[in-house]
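The structure appears right after this line, and notes come after that.
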Amino acid sequence: MAWLASPNFALDGRAPHYLCSTDLGATQVRRLLRCIEYGGIL
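Position 14 of the sequence shown, counted from 1, bears residue number 2 in this note's numbering, the numbering being contiguous throughout.
As structure tokens, this is what we get:
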């Protein structure tokens, strides 16, 4: 779960848990997770 609290380059240096507080941010986190899961490019 440390990933959720750590700043992420793909999210403009913001932590995923911070972004999940808005619909737009949650969409960005879901997109990133799908890219990780399926090997996509951001």
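The beta carbon of each residue, even a glycine, is placed where N, CA and C say it ideally should be.
Mind checking residue 7: buried by the 16 CB within 10 Å criterion, or exposed? buried
Alpha carbon to alpha carbon, how far is residue -7 from residue 13? Give it in angstroms, no decimals. 14 Å
Distance, Cα to Cα, residue 4 vs residue 17? 6 Å
Pull the bridge partners of residue 2 from the DSSP assignment, please. -4
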